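Note sheet for the following structure.
Number of protein chains: 2
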Amino acid sequence: MKTYLDCIPCFIRQSLEATRMVTMDEAVHTQVMKEVLRYLQTLSFDNPPPVASKKVHAIVRKITKCHDPYKNVKKQSNIMAEKLYPQLKEMIRTSNDSLLTAIKLAIVGNAIDFGSVMRFNVNTMINDSLKKRIINTAYPRFKKVLNDAKTILYLADNAGEIFFDKLLLEEFAPRNKEITYVVKANPILNDATITDAKKAGIDSLAKVISADAGHTESSPGILLTTVSKEFLEHFNHDDLVIAKGQGNYESLNNVKREIFFLLLVKCPLVAQDMDAKVGDLIFRVQK
Amino acid sequence: MKTYLDCIPCFIRQSLEATRMVTMDEAVHTQVMKEVLRYLQTLSFDNPPPVASKKVHAIVRKITKCHDPYKNVKKQSNIMAEKLYPQLKEMIRTSNDSLLTAIKLAIVGNAIDFGSVMRFNVNTMINDSLKKRIINTAYPRFKKVLNDAKTILYLADNAGEIFFDKLLLEEFAPRNKEITYVVKANPILNDATITDAKKAGIDSLAKVISADAGHTESSPGILLTTVSKEFLEHFNHDDLVIAKGQGNYESLNNVKREIFFLLLVKCPLVAQDMDAKVGDLIFRVQK
Numbered sequence: 531m532k533t534y535l536d537c538i539p540c541f542i543r544q545s546l547e548a549t550r551m552v553t554m555d556e557a558v559h560t561q562v563m564k565e566v567l568r569y570l571q572t573l574s575f576d577n578p579p580p581v582a583s584k585k586v587h588a589i590v591r592k593i594t595k596c597h598d599p600y601k602n603v604k605k606q607s608n609i610m611a612e613k614l615y616p617q618l619k620e621m622i623r624t625s626n627d628s629l630l631t632a633i634k635l636a637i638v639g640n641a642i643d644f645g646s647v648m649r650f651n652v653n654t655m656i657n658d659s660l661k662k663r664i665i666n667t668a669y670p671r672f673k674k675v676l677n678d679a680k681t682i683l684y685l686a687d688n689a690g691e692i693f694f695d696k697l698l699l700e701e702f703a704p705r706n707k708e709i710t711y712v713v714k715a716n717p718i719l720n721d722a723t724i725t726d727a728k729k730a731g732i733d734s735l736a737k738v739i740s741a742d743a744g745h746t747e748s749s750p751g752i753l754l755t756t757v758s759k760e761f762l763e764h765f766n767h768d769d770l771v772i773a774k775g776q777g778n779y780e781s782l783n784n785v786k787r788e789i790f791f792l793l794l795v796k797c798p799l800v801a802q803d804m805d806a807k808v809g810d811l812i813f814r815v816q817k
Numbered sequence: 531m532k533t534y535l536d537c538i539p540c541f542i543r544q545s546l547e548a549t550r551m552v553t554m555d556e557a558v559h560t561q562v563m564k565e566v567l568r569y570l571q572t573l574s575f576d577n578p579p580p581v582a583s584k585k586v587h588a589i590v591r592k593i594t595k596c597h598d599p600y601k602n603v604k605k606q607s608n609i610m611a612e613k614l615y616p617q618l619k620e621m622i623r624t625s626n627d628s629l630l631t632a633i634k635l636a637i638v639g640n641a642i643d644f645g646s647v648m649r650f651n652v653n654t655m656i657n658d659s660l661k662k663r664i665i666n667t668a669y670p671r672f673k674k675v676l677n678d679a680k681t682i683l684y685l686a687d688n689a690g691e692i693f694f695d696k697l698l699l700e701e702f703a704p705r706n707k708e709i710t711y712v713v714k715a716n717p718i719l720n721d722a723t724i725t726d727a728k729k730a731g732i733d734s735l736a737k738v739i740s741a742d743a744g745h746t747e748s749s750p751g752i753l754l755t756t757v758s759k760e761f762l763e764h765f766n767h768d769d770l771v772i773a774k775g776q777g778n779y780e781s782l783n784n785v786k787r788e789i790f791f792l793l794l795v796k797c798p799l800v801a802q803d804m805d806a807k808v809g810d811l812i813f814r815v816q817k
């Protein structure tokens, strides 16, 4: 997905929000803002939004001298999601279709996002989501691909959300699949890193790798131009690829391989691109 | 009121919206955006937001080569408000306190605004407003000042809204006051100009002047640094000054003279500054 002019106010809002998480010093806020404004003048709209987001957050980190502005927010999200986990596990156990329920909950977990302007209440969404039908052709195709798959590549999105991912990974576990769970190498927004994945115990269910190992800056949404050889190997050859969140949709929706996107629509431009509405739970296959 | 860093995304959104009213050419949108970003780097936060807004819309006009991007929007607002007028007049006629009802409706008319990010439905607000009590000390003071006043200065805000102002001016008319109604000399956002005031027939109730006659660019919110001598004479000496809208609050809230502000809060920063909430109907006196 390309970057729109409408993304610009959002990048600015995001950079201000991230800076305020680090310091209340208005001189620092202003300095970040001015450098972000300068950078945005040079923006190439042909790139997907995560390219600009990566740069904008690099500016925040450089000026605030804080490696991880969202550290506290990520910690809180993990605590919150970990508490929800037993109740969600029970919902899956008692449901008619445990795989579909786990998929729905994995999508709902994508509500834990501190990048988008829209904030959603995960707790109210959990019950609502189970009542909703997901009307599309992705599920039959997903079941077939999953059944045939030996290898699964799962692109994670946010901290907290990873506990929701864990529920879905546990549905794969009895099927004896070789699962690779992909996080970011470096802090970017509230995206999950290896620390978060280990915190959720995902390393006992899957091999955990970072998409961009060896790089010093990550982007929210995997950019195939800056991924590790190991990641690319998996991405090109694994039988089933699942991508969580808007960032990955934005950066991978034009890539030529089958990807199952699981996300909550939080941005009007993503909504427009997907022919969906803000607030929609998306389970979609792209080929 | 000073300009906040949070105003920046709003200026950008506004400039993009105004540009899109003129042309669908994305190259023009991008050109406007880049020049607005360049300007915003030089922003002085000590000035009230209307200073920046004036400059941002001047950029839009220059690049789009359109003198009045909101022309159509203003026309539609006038048509809509003119249609509502008889019904509003009747509401005032049948109310217990016609002056207070007219004040409330003048505030509700401030919902007709194409500058703010929040959009309000005037029709639903009309009935709601009459049910609401306006809890403050402004009204008793207003009645006293109005009673004693020989001269009234009324600072208008938007097109469409001026029909709501007319209702309040008509409440003043039987009291034999010398009323001066102030609009903008040049198009800025959807702010009313002399054409709109005449369209609403306000020139038969008041002397209509523009605050910034002789200047080639207007600002949403009267800046005392760029007003005409005639305006300043009225502002300094008239017995009662009424100022409509957020823009005038932002530019005049620190001026040392008694002003009655009538506005709908549409921006979280104005809300914070006023210790109010977005959506609040404000009738407040400043001394």
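If you're matching them up, the sequences are chains V and F in order. Under our numbering, the first residue of the first sequence carries the number 531, and numbering increases by one thereafter. Under our numbering, the first residue of the second sequence carries the number 531, and numbering increases by one thereafter. Each residue gets a CB set at the ideal place from its N, CA and C atoms; glycine is no exception. Keep in mind the model is a prediction, meaning the values are calculated, not measured.
For residue i, which of helix, strand or coil comes out of DSSP?
i	result
residue 695(F)	helix
residue 747(V)	coil
residue 794(F)	strand
residue 708(F)	strand
residue 684(F)	strand
residue 571(V)	coil
residue 662(V)	coil
residue 773(F)	strand
residue 737(F)	strand
residue 721(F)	strand
residue 713(V)	strand
residue 815(V)	strand
Going along chain V, which residues have a C-beta under 7 Å from residue i?
i	result
residue 539(F)	539, 542 and 543
residue 567(F)	567, 570 and 571
Below 6 Å CB to CB, which residues in the same chain sit around residue i once its five sequence neighbours on both sides are set aside?
i	result
residue 681(F)	708, 768 and 769
residue 639(F)	691 and 694
residue 757(F)	741 and 742
Report yes if the CB atom of residue i is closer than 8 Å to the CB atom of residue j, and no otherwise.
i	j	result
residue 786(V)	residue 608(V)	no
residue 771(V)	residue 683(V)	yes
residue 717(F)	residue 583(F)	no
residue 711(F)	residue 686(F)	yes
residue 810(F)	residue 795(F)	yes
residue 727(F)	residue 714(F)	no
residue 624(V)	residue 578(V)	no
residue 747(V)	residue 580(V)	no
residue 672(V)	residue 791(V)	no
residue 688(V)	residue 642(V)	yes
residue 783(F)	residue 554(F)	no
residue 664(V)	residue 813(V)	yes
residue 808(F)	residue 776(F)	no
residue 759(F)	residue 788(F)	no
residue 542(V)	residue 542(F)	yes
Out of the options, point me to the one whose CA is closest to residue i's CA.
i	options	result
residue 562(V)	604(F), 536(F), 690(F) and 550(F)	536(F)
residue 538(V)	762(V), 550(V) and 569(V)	569(V)
residue 614(F)	636(F), 742(F) and 547(F)	636(F)
residue 587(F)	610(F), 606(F), 559(F) and 611(F)	559(F)
residue 551(V)	795(V), 601(V) and 700(V)	601(V)
residue 744(V)	755(V), 735(V), 736(V) and 773(V)	755(V)
residue 674(V)	532(V), 643(V) and 815(V)	815(V)
residue 737(V)	699(V), 773(V) and 752(V)	699(V)
residue 621(V)	775(V), 657(V), 557(V) and 788(V)	657(V)
residue 697(V)	808(V), 679(V) and 735(V)	735(V)
residue 628(F)	660(F), 650(F), 606(F) and 641(F)	660(F)
residue 764(F)	594(F), 542(F) and 679(F)	679(F)
residue 653(V)	618(V), 793(V), 752(V) and 706(V)	618(V)
residue 774(F)	817(F), 651(F), 733(F) and 633(F)	633(F)
residue 793(V)	650(V), 705(V) and 704(V)	650(V)
residue 593(V)	766(V), 557(V) and 655(V)	557(V)
residue 705(F)	572(F), 677(F), 612(F) and 725(F)	677(F)
In chain V, which residues lie with their C-beta within 9 Å of the C-beta of residue i?
i	result
residue 559(F)	535
residue 546(F)	535, 536, 538 and 539
residue 551(F)	Under the 9 Å cutoff, chain V gives no residues; its nearest Cβ is about 14 Å from residue 551(F).
Along chain F, which residues have their Cβ under 9 Å away from the Cβ of residue i?
i	result
residue 663(V)	Going along chain F, no residue has its Cβ under 9 Å from residue 663(V), so there is no contact; the nearest lies around 32 Å.
residue 554(V)	By Cβ distance, chain F contributes nothing, its closest Cβ being about 12 Å from residue 554(V), past 9 Å.
Among the residues of its own chain, which have a CB less than 7 Å from the CB of residue i, if the five just before and after it don't count?
i	result
residue 597(V)	591 and 717
residue 644(F)	600, 603, 719 and 720
residue 702(F)	682 and 709
What residues of chain F sit near residue i, judged by a beta carbon separation below 8 Å?
i	result
residue 531(V)	Under the 8 Å cutoff, chain F gives no residues; its nearest Cβ is about 16 Å from residue 531(V).
residue 564(V)	571
Just to confirm my understanding: we take residue i, look at its own chain, exclude 5 residues before and 5 after, and list those with CB closer than 8 Å. What are they?
i	result
residue 589(F)	545, 562, 565, 566 and 569
residue 585(V)	569
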